[in-house]
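Trainee: First, the structure itself, so that you have it in front of you.
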């Protein structure tokens, strides 16, 4: 499954808001179309957002009417600014765009350099995630009951996943495992996307509401919690989908190891701790309406942070393409990127 | 607001599934209508279920065509069996029906005795909840930020609430407080009912998804967690809406006191601990569809326990109409009902 790719001068992506009922692809020929698709979460997941950013700059480069290098770079920078505004928490978006822009700036043919770099990031993402799946699969034992949250599967990447990619790889390797997928309110990426991926892969999956996590940890023999990440600070604090922190606290209480899976590009060298990571607040309508039916009184306030921070102290390990980073995470992260 | 009452030989109740969009009353003239309303959660909340059970037996008594005492009792027993099957966890339902049936059995006019006892339970529920509100309001301090879950407000009782009744009473007494209401998946009683009650009472309320509880405890200065209960075991273990246990664990981690509010009729003398409390599993459709839209793949499993057990060790106090039961809860419960 390719959730996002660049073909014939278009970015083609699965509209993930329609899953699991409908598998529909949409095409973006310009940056604005892509920026809106990101804002509306038609494409989501930290690594996939990196690809979207890279492909977005490639679209801008290919579509630029300017003749001079300076002119093309101006178009690239405008695209960069527009795309950066879409989602503030996932660092991969900015990381990938920074790479594309830097490649364009140091080339005599910035448009070609932008395109080449975007495609290089895409190929690297595939290799990185394949490597990460293999590393992570070694952690999974026969009989594991894995609780996961949101979606960091193939839909969140170039086509190989992080957290759910590991689960599928371990299953392919023959481990008998089962999965609890938290539905992941408000937008239900766990129910809609992770369950969809697990079903397609044949992995036994049970969907629960997020509020059932404590119940299944206590009563249903959960042996591991495994989630993705949208940004990782140098001290090992992890930003991920809202609800992740609560799972980490529950895992600690039940003495269940809590693992994070993310490529090293998710580590933000500019964030020394979780408090340096900006948290995206989304519109109240995502909670206020339930498939267009009002479920919150108009007069009530609504809070809708899309992410939370899980402090490093709750994390048993971070699975990356280079190996599993173990506590103390500040030191192992330093060793990994330093 | 009267969520349920008995008038002119009919049980009149608010259809709580339509709130907050619509405030509509429905009427039940027979036991089967009422049993279905309970199963479909048109009426819900432990104390209100007790009233529904009592009123249901009153309907059966008034509607009985039998002439003999034995015949009327047979009709009452059939109604008892039908209503008991509706919801297994809330002990109040059985407790109230046991009272009505006992009154009928010991009277020469069982129909009149059943009706009188049902109305007595109703009046007692009002008095009990008023008393409980006063007791609990003393726990609430100026400036408190209270996280609550599900609905144990006036909609869950005869018209005065337990957990949310306390909040409203403290607010009426002039305490400046604010409330976070967890939406309470899958049926959103927090978003729909608690927020509705808070808005009507003028209490500042912010709705969050259940997965945001850790976030608001960590970042938004929550000072107390306060929830209702569906059944309390003799050792102080509490059955309440699914998600309650997770909140208790999070509260402990953040050193926030976790309070339960429930009338003493919620204590089940037959349950020595939480493991004696039956947990109701509901249909997968409540999670599988989101306002009739499929959000879980057909092939995925779904788990839908309606309640969880919070061990006594997590509970700072149980607010009852007779006072606040403090740890050790097994001893204070014994003192209270003994």
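Chains as they are written, first to last, in the working numbering: chain A, 45 to 382; chain B, 45 to 382.
All residues carry an ideal CB built from backbone N, CA and C; glycine is no exception.
Which whole-angstrom value is the C-beta distance of residue 181 of chain A and residue 214 of chain A, which I expect to be below 8 Å?
Mentor: With 8 Å as the limit, residue 181 of chain A and residue 214 of chain A qualify as a contact, their Cβ atoms being about 4 Å apart.
Trainee: Look at the alpha carbon of residue 330 of chain B and the alpha carbon of residue 45 of chain B, and state the distance between them as a whole number of angstroms.
Mentor: Answer to the nearest angstrom: the Cα atoms are 27 Å apart.
Trainee: Name the residue from A:69, A:210 and A:73 whose alpha carbon lies nearest to the alpha carbon of residue 222 of chain A.
Mentor: Residue A:210 is the option with its Cα nearest to residue 222 of chain A.
Trainee: Helix or strand or just coil, what does DSSP make of residue 166 of chain B?
Mentor: Reduced to three states, the DSSP call for residue 166 of chain B is helix.
Trainee: Using only the alpha-carbon positions, how far apart do residue 136 of chain A and residue 341 of chain B sit?
Mentor: Approximately 29 Å, taken between the alpha carbons.
Trainee: Establish whether the CB of residue 250 of chain B and some CB of chain A are separated by less than 9 Å.
Mentor: Cβ-Cβ to chain A under 9 Å: yes for residue 250 of chain B.
Trainee: Candidates B:269, B:348, B:299 and B:197: which alpha carbon is nearest residue 286 of chain B's?
Mentor: Closest option to residue 286 of chain B, Cα to Cα, is B:348.
Trainee: Confirm the yes/no value for this check: CB of residue 338 of chain A, any heavy atom of the ligand MN, distance under 8 Å.
Mentor: This structure lacks the ligand MN, and indeed carries no ligand of any kind.
Trainee: Whether or not the stretch 59-68 of chain A and the stretch 171-179 of chain A are in contact is what I'm after, with contact meaning three or more pairs of Cβ atoms, one per stretch, closer than 8 Å; do they touch?
Mentor: Output reads no: the stretch 59-68 of chain A does not touch the stretch 171-179 of chain A.
Trainee: Within a Cβ cutoff of 8 Å, which residues of the same chain sit near residue 85 of chain B, ignoring the five residues on either side of it in sequence?
Mentor: The residues are 60, 61 and 231.
Trainee: Expressed to the nearest angstrom, what Euclidean distance is found between the alpha-carbon atoms of residue 82 of chain A and residue 236 of chain A?
Mentor: Their Cα atoms are separated by approximately 17 Å.
Trainee: Would DSSP call residue 159 of chain B helix, strand or coil?
Mentor: It is helical.
Trainee: Starting from residue 112 of chain B, trace the beta strand (DSSP E) both ways and give me its first and last residue.
Mentor: From DSSP, residue 112 of chain B is part of no beta strand (DSSP E); its letter is neither H nor E.
Trainee: Do residue 273 of chain A and residue 196 of chain A have their C-beta atoms closer together than 9 Å?
Mentor: Going by C-beta atoms, residue 273 of chain A is nearer than 9 Å to residue 196 of chain A.
Trainee: Beta-carbon within less than 6 Å of residue 224 of chain B's beta-carbon, same chain only, minus the 5 sequence neighbours each way: which residues are those?
Mentor: The residues are 191, 250, 252 and 260.
Trainee: Using the C-alpha atoms, what's the distance from residue 255 of chain A back to residue 335 of chain B?
Mentor: When rounded, the distance between both Cα atoms is 19 Å.
Trainee: At which residues does the alpha helix (DSSP H) containing residue 76 of chain B begin and terminate?
Mentor: Element bounds for residue 76 of chain B: 75-83.
Trainee: Looking at C-beta atoms only, is the number of pairs between the stretch 361-369 of chain A and the stretch 263-281 of chain B that lie closer than 8 Å three or more?
Mentor: Because the criterion of three Cβ pairs below 8 Å is not met, the stretch 361-369 of chain A and the stretch 263-281 of chain B do not touch.
Trainee: For residue 238 of chain B, count neighbouring Cβ atoms within 10 angstroms of its own Cβ and tell me buried if that reaches 16, exposed if not.
Mentor: Its Cβ being crowded by 16 or more others within 10 Å, residue 238 of chain B is buried.
Trainee: In the DSSP assignment, find the unbroken alpha helix (DSSP H) run with residue 212 of chain A in it and report its ends.
Mentor: Per DSSP, residue 212 of chain A belongs to the alpha helix (DSSP H) from 207-216.
Trainee: What beta strand (DSSP E) runs, 3 residues minimum, are completely inside the stretch 296-376 of chain A?
Mentor: Segments of the beta strand (DSSP E) lying fully in the stretch 296-376 of chain A: 302-305, 351-354, 361-364 and 367-369.
Trainee: Classify residue 264 of chain A as helix, strand or coil using the three-state DSSP reduction.
Mentor: Looking at residue 264 of chain A - three-state DSSP - the assignment turns out to be coil, as it is neither helix nor strand.
Trainee: Looking at the strands, I want to know which residues DSSP matches up with residue 192 of chain B.
Mentor: Partner(s): B:225.
Trainee: Which one of B:151, B:179, B:281 and B:78 has the shortest CA to CA distance from residue 321 of chain B?
Mentor: The option with the nearest alpha carbon to residue 321 of chain B is B:281.
Trainee: Can you list, in chain order, the residues of its chain whose CB lies under 7 Å from that of residue 104 of chain B, leaving out five sequence neighbours each side?
Mentor: Excluding positions up to five away in sequence, the list reads 75, 119, 120 and 123.
Trainee: Considering residue 136 of chain B, what are the terminal residues of the beta strand (DSSP E) in which it resides?
Mentor: Not the beta strand (DSSP E): residue 136 of chain B falls in the alpha helix (DSSP H), residues 135-149.
Trainee: Can you give me the start and stop residues for the alpha helix (DSSP H) that residue 93 of chain A sits inside?
Mentor: Element bounds for residue 93 of chain A: 90-107.
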